[in-house]
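Just below is one structure, and these are the notes that go with it.
There are 2 protein chains.
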Amino acid sequence: MKNKNFCIPNGIEYYMPKEALEFERLKVNALKIFKKYKYDYVLPPIFDNLDNLLNLKSSDIDNETITFLDKLSGSEIGIRADITPQIAKIDFQITHGKGNARFAYMGDIIRLSSNLFDRKNPYQIGAEHFGNVSKSTDIEIIKLMIEIISLSGEKKIIIELGNLSIINNILTTLALNDKNKSMLIDLINLKSITEIKSFFKFHNLQKTKLNLIIDLINVSGDIMVLKEIKNILKKYKVNAEAKINELNYIAQSISKYKELVGIQVDLCELHSFNYQSDIVYTAYVPNFRKEIARGGRYIAYTTEKNISRYATGFSLDLKDILYMSKIGKK
Amino acid sequence: MKNKNFCIPNGIEYYMPKEALEFERLKVNALKIFKKYKYDYVLPPIFDNLDNLLNLKSSDIDNETITFLDKLSGSEIGIRADITPQIAKIDFQITHGKGNARFAYMGDIIRLSSNLFDRKNPYQIGAEHFGNVSKSTDIEIIKLMIEIISLSGEKKIIIELGNLSIINNILTTLALNDKNKSMLIDLINLKSITEIKSFFKFHNLQKTKLNLIIDLINVSGDIMVLKEIKNILKKYKVNAEAKINELNYIAQSISKYKELVGIQVDLCELHSFNYQSDIVYTAYVPNFRKEIARGGRYIAYTTEKNISRYATGFSLDLKDILYMSKIGKK
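Read top to bottom, the protein sequences are chains A and B. Going by my numbering, the letters in the first sequence line up with residues 22 to 351, in that order. Going by my numbering, the letters in the second sequence line up with residues 22 to 351, in that order.
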């Protein structure tokens, strides 16, 4: 042994005897939940061809994926930063884009360029539904997500619902270049109204759009705000009633599902990985500095006949669940 | 999706629904075996500081370990090619080199520079006993290893026993440089007697040593050859009776353990990772082109007071066990 000091990189953890067994127990319980919801468990590899890892056209994933050279074959191998792209590949292999399919997964991932306080080596676990995506599919996935989070023993889970397409459509009408658009998205995420105003002034953008965005930022809250949101959209002549009704249906259904669930609505929460662009759901628990799970609808791939394969799914870091379960026992 | 063709690098596997669940079942059953033998399950991370990955002074592991830069900290992170060095670190953390400790583990590793037919991403599983290493410790570890292999449903397991110190001591007396020594080891592994003779002639080495090595190569076989080996060593005045008696005790005990076990003895089997230098054990099953498990005694580290921490342990690739279990069902 070259050095007896046990120095572990920031954001990487060893699990000693008691924790290690608790972690394995969490995995077994997660598998039971997948089975109960009839999601087929699959096991893609942590090292893979880049094409299998980067296929969701998401630049934020591409930037976090580490690659190295396989001397034997001369080809590049990547270490996954997200398992979802591999699951899309599996769906295409098995279904060729036809019918419905449900898959669940778990495994190590690496995310290097993350925040100093973030875990570098999360243990991602999630489920994806492919095919006919409707409000009942989202409800199913959100319930599954709540059951996985409940393995932590948490007594309160907040589900934040949104629909990115509404704010995205508004942003599109502003005709900004990519750099300015992503700057504005950051300001919206931070809900920095003063800076959003300056941004609109500086770029000489429509005052009504500014007011619409500010109104939408100001109405985030519990399930009751959906009515207000509807009125705002009507006022600005944004045609999104069906989308709000859909969100309302999901919110009502989830809020009745379990006592421990609280609902929040926020149409201006744009933090997700950028392949999601429709309904999104994010889960929060008390005393945890960031969201514990997130998911939403996305287009997994386009088939040879140019048909979009729709999907909805969530993922979370099972190490967070272990961490929360230990906090709860204190 | 950039490319719909599902191209997986050689030596890397996806497990689809049925296989994936079978694999998880194997893990759960392995944990039960660890518990039965009272080995503490620990979970070190797949990405780690190089110092935690390369601490067994084994150049073959060092060469297979992939590293990349953590931009945030500026330090190098490695992807493990072997979990054993991390377990040695854990033992030091927990015991500071005192008393006995038993640890078991499993997880992904990567081995790029391996044979074209080898798996690049094995799922290593193993157990290590630290402290007072005696024949009964080896027997315990070998029995545990047999139980893990038996999860495959295999009806025949051959345990090959050896003691590397005997041939190593002979090699040391030849006073070869590293390059020539490793060349001779390769020839011994291949049991190429003609080439070993040429090697001795070319380097002008002692004829008696040559005859001793050839005699030892020729006596590999079942448990009965241990008596012959004893006679050979006596004839060449090699003092190793205690070592042969120890091997005999282990061999007798293991051969009585389970009906399905066959014993082979071979003092000239030098394939192990090069940190092992004493008793070694290798497991073979029919219809599998290479060994299915291997292990042995080694020095895990040296404490501040310059005391060697002895250990014995084995590891195998759980994906091989899944593969064998599927072959068996055909």
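Beta carbons: idealized from backbone N, C-alpha and C, even for Gly.
Proximity below 8 Å, CB of L337 of chain A to CB of I313 of chain A: A distance below 8 Å separates the beta carbons of L337 of chain A and I313 of chain A.
Y126 of chain A: first and last residue of the uninterrupted beta strand (DSSP E) it sits in: Its beta strand (DSSP E) spans residues A122 to D129.
Residues of its chain near I115 of chain A, where Cβ-Cβ distance is below 8 Å and the 5 sequence neighbours each way are ignored: Answer for I115 of chain A: A122, listed in chain order.
Beta-carbon proximity check, I375 of chain A vs I234 of chain A, cutoff 8 Å: An answer regarding residue 375 of chain A cannot be provided, because it is not within the stretch 22 to 351 covered by chain A.
Cβ neighbour criterion (16 or more within 10 Å) applied to E149 of chain B: Label assigned to E149 of chain B: buried.
Span of the beta strand (DSSP E) around N190 of chain B: Counting along the chain, N190 of chain B sits inside no beta strand (DSSP E); it lies in the alpha helix (DSSP H) bounded by residues L185 to T194.
Members of the region 39-54 of chain A that neighbour chain B once the beta carbon cut-off is set at 8 Å: Listed by position, the residues of the region 39-54 of chain A near chain B (Cβ gap below 8 Å) are E40, A41, L42, F44, E45, K48, V49 and L52.
First through last residue of the beta strand (DSSP E) which encompasses V282 of chain B: That run of the beta strand (DSSP E) goes V282 to V286.
Beta-carbon gap between I238 of chain A and I214 of chain A smaller than 8 Å: It is a contact, given that the beta carbons lie within the stated cut-off.
Below-8 Å beta-carbon distance, K256 of chain B vs any chain A residue: Judged by the 8 Å Cβ criterion, K256 of chain B is not in contact with chain A.
V282 of chain B to M166 of chain B span [Cα, whole Å]: For V282 of chain B and M166 of chain B, the distance between alpha carbons rounds to 12 Å.
8 Å contact criterion, which R101 of chain B and L74 of chain B should meet: CB distance rounded: At roughly 5 Å, the Cβ-Cβ gap stays under 8 Å, so R101 of chain B and L74 of chain B are in contact.
Under 9 Å by beta carbon: chain B residues contacting N121 of chain A: Ordered by position in chain B, no residue passes the 9 Å Cβ test against N121 of chain A, which lies about 15 Å from the chain.
DSSP bridge partner residues for D69 of chain A (one or two, in chain order): Answer is A:G99, bridged to D69 of chain A.
3-residue-minimum beta strand (DSSP E) runs that sit fully inside the region 283-341 of chain B, ordered along the chain: Taking only runs of at least 3 residues, the beta strand (DSSP E) segments lying wholly in the region 283-341 of chain B are 297-305, 314-323 and 329-338.
Element boundaries [beta strand (DSSP E), containing E149 of chain A]: Residues Y144 to F151.
Within 8 Å, strictly: CB atoms of E267 of chain B and K156 of chain B: The answer is yes: Cβ separation under 8 Å.
Within 8 Å, strictly: CB atoms of Y322 of chain B and S298 of chain B: The criterion of a C-beta distance shorter than 8 Å is not satisfied by Y322 of chain B and S298 of chain B.
The alpha helix (DSSP H) enclosing T215 of chain A, as first and last residue numbers: Residues I214 to F223.
Any chain A beta carbon closer than 8 Å to L343 of chain B: Output row for L343 of chain B: interface = no.
Whole-angstrom distance between D61 of chain B and P38 of chain A, CA atom to CA atom: P38 of chain A and D61 of chain B: Cα-Cα distance of roughly 6 Å.
Within 8 Å, strictly: CB atoms of Y35 of chain B and P30 of chain A: No. Outside cutoff.
Short CB-CB distance (under 8 Å) between P143 of chain A and chain B: Output row for P143 of chain A: interface = no.
Whether L147 of chain B touches Y126 of chain B by CB criterion (8 Å): The residue asked about is misnamed: residue 147 of chain B is Gly in this sequence, not Leu. In contact: G147 of chain B and Y126 of chain B (Cβ atoms closer than 8 Å).
F151 of chain A at chain B interface by Cβ criterion, 8 Å: No, F151 of chain A does not count as interfacial toward chain B.
Contact set between the region 87-102 of chain B and chain A, restricted to residues whose Cβ is under 8 Å from the partner: Residues I87, F89, D91, K92, L93, S94, S96, I98 and I100.
A261 of chain B burial status per 10 Å Cβ neighbour count (16 or more: buried): With 16 or more Cβ atoms within 10 Å of its Cβ, A261 of chain B is classed as buried.
Sub-8 Å separation of E85 of chain B and R140 of chain B beta-carbons: No, Cβ-Cβ distance for E85 of chain B and R140 of chain B is not below 8 Å.
Separation of P106 of chain A from G120 of chain A, as counted between CA atoms: If I take the Cα positions, the gap works out to 19 Å.
Residue closest to D170 of chain B, alpha-carbon to alpha-carbon, out of B:M204, B:A51 and B:K326: Residue 170 of chain B is actually Ile in this sequence, not Asp. Of B:M204, B:A51 and B:K326, the residue nearest in Cα terms is B:A51.
Between the CA atoms of R46 of chain A and I54 of chain B - distance to the nearest angstrom: Those two C-alpha atoms are separated by around 15 Å.
CB contact flag (Y144 of chain A, K340 of chain A, <8 Å): The Cβ-Cβ distance between Y144 of chain A and K340 of chain A falls below 8 Å.
Proximity test, Cβ basis, 8 Å: D299 of chain A and chain B: Among the residues facing chain B, D299 of chain A is not included, as its CB has no counterpart in that chain under 8 Å away.
Closer than 9 Å at the beta carbon, the chain A residues around E249 of chain B: Residues of chain A with a Cβ closer than 9 Å to the Cβ of E249 of chain B do not exist, since the nearest Cβ in that chain sits about 39 Å away.
Proximal chain A residues relative to Y62 of chain B, where beta-carbon distance stays under 8 Å: Chain A residues near Y62 of chain B: P38, A41, L42 and E45.
DSSP state of K23 of chain A mapped onto helix, strand, coil: The predicted model places K23 of chain A with a pLDDT of 43, which falls under 50 and marks its position as unreliable, so this point remains unresolved.
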